Amino acid sequence: MIERPPYIGGYLAGLRMSDRLNVVVSVDEARLKDFADVLQEMADAGLHIENEMAMLGTVSGSVDDPQVLSRLRRVKGVAHVERCRHFQIAPPNAEIQ
Amino acid sequence: MAKSGARRGSRAEALPHPQPSTPGLTGRHLVLLPEDDVRTGISALKSVAGLKLAHSRDFGEQSIQTALAEADGILFDQLRVAVVATPPDQLHALNSVGTDEGILAIEPERVVHALANGRIGIPEPVPTRPNDTATGNLSIDYLRGYRDGVNAILDRLIGDAGSRAGLLPQAGESEVTWGLQAVRATTSRWTGQGIRVAVLDTGMDLNHPDFESLPIEARSFIAGEAVQDGNGHGTHCIGTACGPLRPERLPRYGVAGNATIYAGKVLSDAGSGSDGSILAGIDWALANGCAVISMSLGAPVAADATPSAVFEQVGRRALAAGSLIVAAAGNSSQRPNRLAPVGHPANCTSIMAVAAVDQRLEVAWFSCAGLNPQGGQIDLAAPGVAVYSAWPGTLYNTINGTSMATPHVAGIAALFAEADPNARGQALWARLVQTARRLDQPARDVGTGLVQAPA
């Protein structure tokens, strides 16, 4: 029996990266003043926070597991949780930009 | 039509109770409920006036009369408007419900008639770009002449002379780009002085000679990449919005030459970015008091897609903070055969969607259309074909796209903001769409028309 190679380094890192879901979250009006507290509760629910946008009351980050999303939505003060969309503009030499 | 988020403004004074026999009124009432809290409105209708509502989504093919026979009113779920049959005493009680208690406005329902064929029959529009089969033996020039003739007659009949005729004065581009002429940036006395304009894009060529003496604040939101524009797109957009009044080499290509540039790099040199980097850029622009945020970016959406709730909220918060977000409608159409809906995030009601027109002021073949409801409309049009502006390395480049139309609107917004310190957020939005030049094109394609600078 051939021993399977240990899951280390790039392979594991790559797997984890692709499993991670990037999300954006908005906080509702009522709890905007408690923004920092809501952030903490989101982190406790499993959100890896990348960017806090206090002016907008939004946060970007990632979750390891899609099941975290429902936990995140239940945090008091979380208005919307959305999958992060990707943008790609045309290459610089394209006629239409 | 201006797209706007829920507004909790003061309600009009209690309306007189119309009798069912009042000419022009049905005797029913329209009740406007808060967009973000319909449930409170529904419960107010029930608790205050005892009204039970049917939902429009449950009455697909049935008429409103059928629905009203079974309930006291019908709620149009998408509109957040209820039509209710209300005795006068209940109406009085409803009028006392505050705007923050779930009822934004109450007004009598009007009887609306279909327009009969009147004496002035308005003919079907003549195709602006007839294909070969449609033109038959007629030359394009002949058809254009016919169209112009019909338009001139209609202008006289409708009393709208001058405002519809399409073509620009045939000036060259030796001194000023056609786009700046079309939006009347050159005849405006305003230059954007004191106004901060954020352009969220691929950054800025900080070594460009035209921008050496201009004030630029810049920040990168792309990990591992500096603000310096390794793409060109960002420099081109900044050039259109805020390029100098007197560039090194003519023609002039920038609308608001004295505005303060905030260059936010939210797209990489390879032209890619994500919601996260864009939101970070918007937040930065807001924190710096930018009255205008220009975003020549977007992601295509499906037909019938609903807008992002997060960006909807962000747009509303930006407007409330005095910042107007202007975004490219997108380039996914292939006219005349295929129309694509306005992309994300321009499809939010709180974000202004900009279409592209060409030198004949006709919608560009690639420009997305207002197909989806709930914010998917086009708000304004601006020059987006053969747009000359700044570029890294070669100094200048001429390209096409709704990306090029968007900074024209952003620059004009800066002029309005300079002209009137009260023109911020929603008020600035209103100023732009109200003063647009009407075009001989459907609102689906160009919104209220071609953006125009304040005199």
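Residue numbers (numbering that gives the first Met the number 0), protein chains in the order written: chain A, 0 to 96; chain B, 0 to 454.
All residues carry an ideal CB built from backbone N, CA and C; glycine is no exception.
Everything numeric in this text was worked out from a predicted model, so none of it was measured.
Item: Just how far apart, CA to CA, sit residue 6 of chain A and residue 63 of chain A?; Value: Annotation note: pLDDT 35 at residue 6 of chain A (below 50); position unreliable, no value reported.
Item: Is it right to say residue 259 of chain B is buried, meaning 16 or more other beta carbons lie within 10 angstroms of its own, or is it exposed?; Value: buried
Item: Along the chain, where does the alpha helix (DSSP H) that runs through residue 45 of chain B open and close?; Value: 37 to 48
Item: Which word fits residue 264 of chain B, buried or exposed, when buried means at least 16 other C-beta atoms lie within 10 angstroms of its C-beta?; Value: buried
Item: Cα separation between residue 27 of chain A and residue 208 of chain B?; Value: 45 Å
Item: Hey, how far is the Cα of residue 248 of chain B from the Cα of residue 242 of chain B?; Value: 12 Å
Item: Does the beta carbon of residue 48 of chain A come closer than 8 Å to any beta carbon on chain B?; Value: no
Item: Tell me whether the beta-carbon of residue 389 of chain B lies closer than 8 Å to the beta-carbon of residue 234 of chain B.; Value: yes
Item: Return the CA-CA distance between residue 65 of chain A and residue 77 of chain A, expressed in angstroms with no decimal places.; Value: 17 Å
Item: For residue 259 of chain B, report the span of its beta strand (DSSP E) as first-last.; Value: 259 to 264
Item: Against chain A, does residue 312 of chain B count as a neighbour if the rule is that its beta carbon must be under 8 Å from one of theirs?; Value: yes
Item: Determine whether the beta carbon atoms of residue 286 of chain B and residue 197 of chain B lie at a separation below 8 Å.; Value: no
Item: Just verifying my parser: in three-state terms, what is the DSSP assignment at residue 232 of chain B?; Value: helix
Item: If you draw a straight line from the C-alpha of residue 225 of chain B to the C-alpha of residue 216 of chain B, how long is it?; Value: 13 Å
Item: Does the segment 407 to 419 of chain B come close enough to the segment 267 to 282 of chain B to have 3 or more Cβ pairs within less than 8 Å?; Value: no
Item: Quick check on the DSSP output: what are the complete beta strand (DSSP E) runs of length 3 or more inside the segment 373 to 403 of chain B, in order along the chain?; Value: 379 to 382, 386 to 390 and 394 to 398
Item: If we require 3 or more residues per run, which beta strand (DSSP E) segments fall completely within the segment 205 to 254 of chain B?; Value: 215 to 219
Item: Looking at the structure shown, is residue 94 of chain B part of a helix, part of a strand, or coil, going by DSSP?; Value: helix
Item: Can you tell me where the beta strand (DSSP E) with residue 49 of chain A in it begins and where it stops?; Value: 47 to 52
Item: At a Cβ cut of 7 Å, what residues of the segment 58 to 71 of chain A count as close to chain B, listed as they run along the chain?; Value: 59
Item: Determine, using beta carbons only, whether residue 23 of chain A comes closer than 8 Å to chain B.; Value: yes
Item: Using only CA atoms, which one of A:33, A:58, A:29 and A:42 lies nearest to residue 83 of chain A?; Value: A:58
Item: Let me know the secondary structure DSSP gives residue 87 of chain A once reduced to three states.; Value: strand
Item: Whose Cβ in chain A lies nearer than 8 Å to the Cβ of residue 351 of chain B?; Value: Ordered by position in chain A, no residue passes the 8 Å Cβ test against residue 351 of chain B, which lies about 17 Å from the chain.
Item: What does DSSP give as the partner residue(s) for residue 354 of chain B in the beta ladder?; Value: B:380
Item: Got a sec? Which residues, its chain only, sit under 7 Å from residue 25 of chain A by beta carbon, not counting five neighbours each side?; Value: 56, 57, 78 and 79
Item: Spatial neighbours of residue 332 of chain B within its chain, please: CB distance less than 8 Å, with the 5 preceding and 5 following residues excluded, ordered by chain position.; Value: 338, 339, 364, 365, 366, 367 and 368
Item: Between the segment 430 to 438 of chain B and the segment 25 to 37 of chain B, can you find at least three pairs of beta-carbon atoms closer than 8 Å?; Value: no
Item: With 9 Å as the C-beta to C-beta threshold (strictly closer), list the residues of the segment 331 to 347 of chain B near chain A in chain order.; Value: 343 and 344
Item: Measuring CB to CB, does residue 396 of chain B end up less than 8 Å from residue 302 of chain B?; Value: no
Item: Grab the span of the beta strand (DSSP E) containing residue 197 of chain B for me, first residue to last.; Value: 195 to 200
Item: Label residue 97 of chain B either buried or exposed according to how many other C-beta atoms from any shown protein chain fall within 10 Å of its C-beta, with 16 as the threshold for buried.; Value: exposed
Item: Checking contacts by CB at 8 Å: is residue 293 of chain B closer than that to chain C?; Value: No chain C appears in the structure shown, which is made up of the protein chains A and B.
Item: Look at residue 424 of chain B and residue 379 of chain B and say whether their C-beta atoms are less than 8 Å apart.; Value: no
Item: Could you name the residues of chain A that residue 203 of chain B contacts, counting a contact when the two beta carbons are closer than 8 Å?; Value: Within 8 Å Cβ-Cβ: nothing; residue 203 of chain B doesn't reach chain A, min ~14 Å.
Item: Could you check which residue in B:387, B:392, B:408 and B:406 has the C-alpha nearest to that of residue 398 of chain B?; Value: B:387
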